[in-house]
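Visitor:
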Amino acid sequence: MAQSAVAQPTATTPDIPAKLPIGAIAPWAVFLGILMLVLLYFVGAEQGATSLVSGEGVHEWVHDARHLLGFPCH
């Protein structure tokens, strides 16, 4: 008489990921936030009276992104 092997479930505990301390994330979050604000300024407001850079160079570089994001420029 042959015996058949049956798989038996085993109890395993899931691995708990290590927690990142806020002190490690905060400087990167602040840096990325400032970077996003600078990019938003150049795409959305760098022309006319609020222009930091003279000429139309920045406007031409971000022209398509400006329209894509819904900022008027004409």
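Under my numbering, the first residue of the sequence shown is numbered 15, with each subsequent residue one higher.
The beta carbon of each residue, even a glycine, is placed where N, CA and C say it ideally should be.
None of the values given here were measured: they were computed from a predicted structure.
The alpha helix (DSSP H) with residue 39 in it runs from where to where?
Guide: 36-58
Visitor: Please report how far the alpha carbon of residue 59 lies from the alpha carbon of residue 25, in whole angstroms.
Guide: Those two C-alpha atoms are separated by around 59 angstroms.
Visitor: Quick check on DSSP: helix, strand or coil for residue 97?
Guide: A question about residue 97 goes unanswered here, because the residues of the chain that appear run from 15 up to 88.
Visitor: Give me the residue from 81, 87 and 82 with the minimum Cα distance to residue 70.
Guide: For residue 70, the nearest C-alpha among the options comes from 87.
Visitor: With DSSP as the reference, label residue 64 as helix, strand or coil.
Guide: helix
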